[in-house]
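> First to last, the protein sequences are chains A and B.
When we follow our numbering, the leftmost residue of the first sequence carries the number 439, and every step to the right adds one.
When we follow our numbering, the leftmost residue of the second sequence carries the number 92, and every step to the right adds one.
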Amino acid sequence: MSMSFKMALRSIGSNKLRSVLTMLGIIIGVIALVVLVSLVNGATKSVNEQIASLGTNYMQIYIWNTWDDPLTSRELETWADGEELVETVAPTIQNSATAKFGARSKQVSVVGTTSAFYDIRGLKLEKGRFLKPVDVQNNSCICVLDSIAADNVVGYRDCVGQEISLNGIRYTVAGVLAENDSMMMFGGESTVYIPFSSMLRQYAELSGGIDSFYAIPPKGVSVSDAAVSVRNWLSGRFEKDEWGNDNFYVSTMDALEDSASSVTSVLSALLGGIASISLIVGGIGIMNIMLVTVTERTREIGIRKAIGATRRSILSQFLMEAVVLCMMGCIIGVFLSWCILNLANSVVQGLGLTFDLDAGVVLLAAAFCFAIGLIFGLYPANKAAKMKPIDALHYGG
Amino acid sequence: MIDLKDITKVYQIGEEKIYALNHVNLHIAPQEFVSVIGPSGSGKSTLMNIIGLLDTADAGVYTLDGIPINEYSENALAGVRNRKIGFVFQNFNLIAKLSAEENVELPLIYAGTPARERSEKVKKALEKVGLSSRAKHMPTELSGGQQQRVAIARALVTDPSVILADEPTGNLDSHTSAEIMEILEELNDQGKTVVLITHDNDIAKRAKRIVHILDGKLSEVRL
Ligand SMILES: Nc1ncnc2c1ncn2[C@@H]1O[C@H](COP(=O)(O)OP(=O)(O)O)[C@@H](O)[C@H]1O
Ligand SMILES: [Mg+2]
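(1) Quick one: complete beta strand (DSSP E) runs, 3+ long, within the region 153 to 205 of chain B?
(2) Chain B beta carbons: is any one of them nearer than 8 Å to that of A:Glu744?
(3) What did DSSP end up calling A:Pro529 once you bin it into helix, strand or coil?
(4) Compile a chain-ordered list of the residues in the region 821 to 835 of chain A whose CB is closer than 8 Å to at least one CB of chain B.
(5) At what residues does the alpha helix (DSSP H) containing A:Ser547 begin and finish?
(6) Suppose the cutoff is 7 Å on Cβ atoms and the five residues either side in sequence are ignored; what does the same chain contact list for A:Ile836 look like?
(7) Suppose you measure from the CA of B:Leu263 to the CA of B:Val125; what does that come to, to the nearest Å?
(8) Once the 5 residues before and after B:Ser133 are set aside, which same chain residues still bring their CB inside 8 Å of it?
(9) For the region 743 to 767 of chain A, which residues have a beta carbon sitting closer than 9 Å to at least one beta carbon of chain B?
(10) Using beta-carbon positions only, say whether A:Ile745 and B:Leu197 come within less than 8 Å of one another.
(11) Is there at least one non-hydrogen atom of ligand 1 closer than 7 Å to the beta-carbon of B:Ala298?
(12) Tell me whether B:Gly261, by its Cβ, gets closer than 7 Å to a heavy atom of ligand 1.
(13) For B:Pro251, is the classification buried or exposed, using 16 other Cβ atoms within 10 angstroms of its Cβ as the cut-off for buried?
(14) Helix, strand or coil for B:Lys227? Go by DSSP, reduced to three states.
(15) Return yes when the C-beta of B:Ile142 is under 7 Å from any heavy atom of ligand 1, and no when it is not.
(16) Identify, in the order they occur along the chain, each residue of the same chain with its Cβ nearer than 7 Å to the Cβ of B:Ser131, setting aside the five sequence neighbours on each side.
(17) Could you check if B:Leu95 is buried or exposed, using at least 16 other CB atoms within 10 Å of its CB as the buried criterion?
(18) Any residues in the region 129 to 160 of chain B with a beta carbon nearer than 7 Å to a beta carbon of chain A? Which ones, in chain order?
(19) Going residue by residue through the region 707 to 776 of chain A, where are the continuous alpha helix (DSSP H) segments of at least 4 residues, counting only ones entirely within it?
(20) Determine, for B:Ala169, whether the minimum Cβ-Cβ distance to residues of chain A falls below 8 Å.
(21) Tell me B:Lys96's beta-bridge partners as DSSP assigns them.
(22) If the cut-off is 7 Å on Cβ atoms, which residues from the region 195 to 217 of chain B count as contacting chain A, listed in chain order?
(23) To the nearest angstrom, report how far apart A:Val761 and A:Leu812 are at their CA atoms.
(24) Distance check for A:Thr736 and B:Thr284, CA to CA, integer angstroms please.
(25) Got a sec? Which residues, its chain only, sit under 6 Å from A:Gly467 by beta carbon, not counting five neighbours each side?
(26) Along the chain, where does the alpha helix (DSSP H) containing B:Glu270 start, and where does it finish?
(27) Suppose contacts are defined by Cβ-Cβ distances below 8 Å. Is B:Gln318 in contact with B:Phe183 by that definition?
(28) Cβ of A:Ser452 less than 8 Å from any chain B Cβ?
(29) Under 9 Å between beta-carbons, which chain A residues line up against B:Arg172? List them in chain order, please.
(30) I'd like to know if B:Ile186 contacts chain A, where contact means its C-beta is closer than 8 Å to some C-beta of that chain.
(31) Can you tell me which of the three DSSP states A:Gly566 falls into?
(32) Who are B:Val101's beta bridge partners in DSSP?
(33) What I want to know is whether the C-beta of B:Thr249 ends up closer than 7 Å to one or more non-hydrogen atoms of ligand 1.
(34) Give the straight-line distance between the Cα atoms of A:Thr504 and A:Leu477, rounded to the nearest whole angstrom.
(35) Could you list which residues in chain D have their beta carbon closer than 8 Å to that of B:Phe178, in chain order?
(36) Consult DSSP for A:Ile813 and reduce its assignment to one of helix, strand or coil.
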C-alpha cells in the first residue's frame, strides 16, 4: 500500500508538466465546487443574520374579516392576558392619509397601535419617545414618525414638538424612529404611528376591528408553539369564508427564515451540481491520461509481471496513481479556492459579507475526487492488470 | 522438476501456420545447466517463455515441480514467477526510472518481504554480481554488462531454484560475455538450475548439457 503510494508519487513526479495538465480539470472542478458553495453559504449567512436582526421571535397575524363581529383591541388584550403561550400583543389598524407640514404634503401610511408595538418589533428611537399607554387612554393627538416619514413629511429628523396634520387633524410629533434595515427591505414607505384609540376616532368609518396584530411568546416558548395557540383561538373566533379558508393568517419570521434557507439550499445544490459536472469532466481527463500511461508503460508492466507482480499489485499501482493524481488536484484546488475566497473577502470588505472555506464542501470535494480517481482509474488499471506478461513484454518491439 | 510433454506453440500468420514449437519434449532435472542452441527464429525464446510461465502452450503438458501448470491460478503463477524463477533477458529489461538497487528490490516487494530484510538481500545480490558500488545508479548510467549484472542480481534476489537466461550475452562484447557466463556458472555451482539460450556454440559448450532446436523441433546434442 505505502509502496504503491511511493511508486505513484514517483511516476507522477517523473512527468510533472503532464501531471499538472491532467490535474487541471480536477483543480478547476474543485475550485468551482468549493468557491461557489462557499459564496452561497456566505451570502446565506448574511441573509440569515439580517433576518435574525428583524427579530424572529414575533409573529404578525392578519385578519381579513374586519366587518362582521370585528375583533376589538380590548377582546384581543383580554384573550392575551389569559393565554399562557402569549406574552404581549399589539393590535394595529393600518390606513393611508395625506400628511401636511407647513406647505409640504405627502401621502403616508398611518398605523394605529399601542405602546407594546415598540418592544415587540424591537424598534429603536432616534428622537423623542414612542406611544405610551396614556396616549392610548386619552386618544392623544400625538404621533411617532419613522425615519422615512420624518425625511419626507417634515424634511428633517430633529422634529419632536412639530405639528403635522393627517387628513386635516393635527398631531404633535412625539418621537422619530431610528433608521433600520428592515424598513429598507420592506419597501421604505413613510409610516406614521398614532395611538390605537386616536386611529378609531380619526377614521370614523372603521368598524373598530383590528386588521392585524403582533404577538410574542414569553421567554422559553417558541414562536411556533405560540402561533398554534393563536391559530386555535382565531379559528374558533372567526368562521371560515365561503371557500372554506381561514379568515386570518399567522405569519412568523421563522417562516421567512425557512423560505430563505430553502431558496439558498436549492441554489447551493444547483451550483454544486454544475460544479460536480466539471469534476466529472476532470475525471474523464484523468482516465484519458491513465490510458495513455498504461499504453506507454506496457513494457514496464510486462517486466513487473515477469518478476512476479500479481494482477492485484498492478491494478493497485495504477489505481493508486489515478487516485493520488485526483487527490493532489483536490488539494491544489482547495488551496486555490482558499486564495480566491480571501480575495473575495477583501473585495466585499465592509459589506457585512464574509466567505469562509466551508469544511463540509471541502470534505465533499475530497470524497468526490477520491471517488472519481477510483472510478475513472479502474478501467485503465484493470486494462494494465489483465495484460498477458508476454504480450506486455513484447509490446512495441 | 521441469517437464515438457508434446509442447506445441503455433502462430497463425495469415493463411500460414508457423510452428514455433513442434511437439517438444524436454526434461530438466534440478541443478542442471542446459544450453539451448539454434538459429534465429527457431523457437528458442518461445520455449523459454513457456518454461518461465510468461506464455502458455497451445498443446501439450508442462509440469513444474510435479504440478501441471494449467492447475495453477493466475495468482499462483505470479508467485512461481516471483519465487521459483529468475529471468535474464537479452535486452536486460530493467525499469528505466528505477535505480539499480530499486530494480533488484522489486521482486522482493512483490514477494512481500519486509523492508529491512529487503535491503539486506539487495545488498547481497548486488555483491554477488560485483556491482555494490553502482547501487544508486540509474540503468542509463550503466554499461551493457553492468545492466545485465543488475538484471542477474534481480533474478537471483528471491533465491529462485531456476535461472532462465535468454541470450544474456547477445548484446555484449566477448569480454563482458565471459564475465556474465562466469556468474551463471557460479550460480549453477551453488545449486541453481540454469537454462541458457544462445546461438553461440562456444558459449553453449560451457553448459553440461546442450539441446538443439530447429524450426520448433528439439534434439539432444552429445558433445
Ligand atoms: N507473437 C508472435 N507472433 C507471430 N509469430 C511469432 C511470435 N513470436 C514468435 N513468432 C515466430 O515464432 C518463431 C520462433 O520465434 P522465437 O521463439 O522468438 O525464435 P528465437 O528466439 O529462436 O529467435 C519465429 O518464426 C517467429 O517469427
Ligand atoms: Mg529469441
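Where a beta carbon is used, it is the ideal one built from N, C-alpha and C, also for glycine.
This is what the structure gives:
(1) 176 to 179
(2) Position check: residue 744 of chain A holds Ala in this sequence, whereas Glu was assumed. Judged by the 8 Å Cβ criterion, A:Ala744 is in contact with chain B.
(3) strand
(4) Lys826, Pro827, Ile828, Leu831
(5) Element bounds for A:Ser547: not the alpha helix (DSSP H) but the beta strand (DSSP E), 542 to 551.
(6) What the structure shows of chain A is the stretch from 439 to 835, and residue 836 of chain A is not part of that stretch, so it cannot be assessed.
(7) 21 Å
(8) Ile304, Leu305, Asp306, Gly307
(9) Lys743, Ala744, Ile745, Gly746, Ala747, Thr748, Arg749, Arg750, Ser751
(10) yes
(11) no
(12) no
(13) buried
(14) coil
(15) no
(16) His290
(17) buried
(18) Asn140, Leu145, Asp146
(19) 736 to 744
(20) yes
(21) B:Val152
(22) Leu197, Pro198, Ile200, Tyr201, Ala202
(23) 6 Å
(24) 30 Å
(25) Ser716, Leu717, Gly720
(26) 265 to 280
(27) Past the boundaries of the shown model lies residue 318 of chain B; chain B is included only from 92 to 314, so the question cannot be answered.
(28) yes
(29) Lys743, Ala744, Ile745, Gly746, Ala747, Pro827
(30) yes
(31) strand
(32) B:Tyr110
(33) no
(34) 46 Å
(35) This model lacks chain D altogether, as its protein chains are A and B.
(36) helix
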